[in-house]
DNA sequence: TTTTTATGTAATAAAAGCTAACATGTATTG
DNA sequence: CAATACATGTTAGCTTTTATTACATAAAAA
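Residue numbers (the working numbering), protein chains in the order written: chain L, 70 to 206; chain Y, 70 to 206.
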């Protein structure tokens, strides 16, 4: 029984999540439509959210508040996944081309990687994990 | 924002509590009838349970499993309260009569006090806090 | 044996949540 | 400006979940 399990256990009904995140039900469902979260469902088709889901929603909310639109948020989230995959699949840094000056493209990749690695070591992003921190000792 | 708040925030609907505690709705409501727990209510009168409530229910469940009946459980819980009051009201040990041998009554009081003090220092009762431990890091 | 406990079961009403459709305000773009 | 797209609000109809209450029952206690 590890953190992963604890954090992803579906426990909260949408009403609680609304309170906790200050998002409307409409918003929460909308973000699900866009696959930013994937809450579990009860037998009766009710959404049940995990700590992870709530963390995601808090992150989304912050981005929204900063004026980022869906596409942007998808980038941020997709970025995470993409980079995670990279790191998981071959456990070494992205190859850098031999050209003297990096292309913007390559630069971005490097930055992404840095962010991801910091995240994996829990050294960055105060927003990330807020919900969880709220509940842990 | 402290532990007390975190642990007593009403977050879980009864269905989740049933799963988490393996108690039936009937049982949970019954224990509420007997004031062993006092879950919050939504505007719509639905029970919403906190980590504390779930901790209590786990403790109740353990006692039940050990064959303790309602009256016994009330003793255990009431004991807690009563002794807490004692400790809170006058912050010193119960006076001991001058009689050479303590009455059974007095002996019990002393034992209670000991237990309570240990509890207050989190040095006793493995069952207590299980739920919370499940969720904290 | 009769009572009391603790829990199960069933009926009914109300609350909460789901989907789907349409409405709307605000940017963005031709 | 007009048209479009985006993000969210609103409403309606339906289903699931929960609450209350009453009655049933097995086991324990008296």
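All C-beta atoms, glycine included, are put in the ideal place defined by N, C-alpha and C.
Computed from a prediction, not measured in an experiment: that's the story for all the values here.
Buried or exposed: which applies to residue 75 of chain Y, given that a residue is buried once 16 or more other Cβ atoms fall within 10 Å of its Cβ? buried
What separation, rounded to the nearest whole angstrom, lies between the Cα atoms of residue 72 of chain L and residue 132 of chain Y? Cα atoms of residue 72 of chain L and residue 132 of chain Y: separation of roughly 28 Å, rounded to the nearest angstrom.
Quick one: grab the DSSP three-state call for residue 116 of chain L. strand
CB contact flag (residue 100 of chain L, residue 129 of chain L, <7 Å): yes
Whole-Å CB distance - residue 97 of chain L paired with residue 126 of chain L, under 8 Å assumed: 7 Å
How would you list, in chain order, the residues of chain L whose beta-carbon sits under 7 Å from the beta-carbon of residue 85 of chain Y? 80
Measuring straight from C-alpha to C-alpha, what distance separates residue 179 of chain Y and residue 145 of chain Y? Caution applies to residue 179 of chain Y, whose pLDDT of 37 falls short of 50 and renders its modelled position unreliable; the value that the coordinates give is listed next. Roughly 15 Å between the two C-alpha positions.
Can you tell me whether residue 85 of chain L is helix, strand or coil according to DSSP? Residue 85 of chain L falls in the helix class under three-state DSSP.
Pick from L:77, L:78, L:121 and L:113 that is closest to residue 90 of chain L, judged by C-alpha positions: L:121
CB-CB under 7 Å to residue 142 of chain L, same chain, minus the five flanking residues each way: which ones, in chain order? 105, 129 and 132
Closest by C-alpha distance to residue 78 of chain L, when choosing among L:137, L:85, L:113 and L:118: Nearest of L:137, L:85, L:113 and L:118 to residue 78 of chain L, Cα basis: L:118.
How long is the line joining the alpha carbons of residue 86 of chain Y and residue 109 of chain Y, rounded to whole angstroms? 13 Å
According to the neighbour-count rule (16 or more other Cβ atoms, all chains shown, within 10 Å of its Cβ), is residue 116 of chain Y buried or exposed? buried
Can you round the beta-carbon distance between residue 80 of chain Y and residue 81 of chain L to whole angstroms, since I take them to be within the 8 Å contact cut? 6 Å
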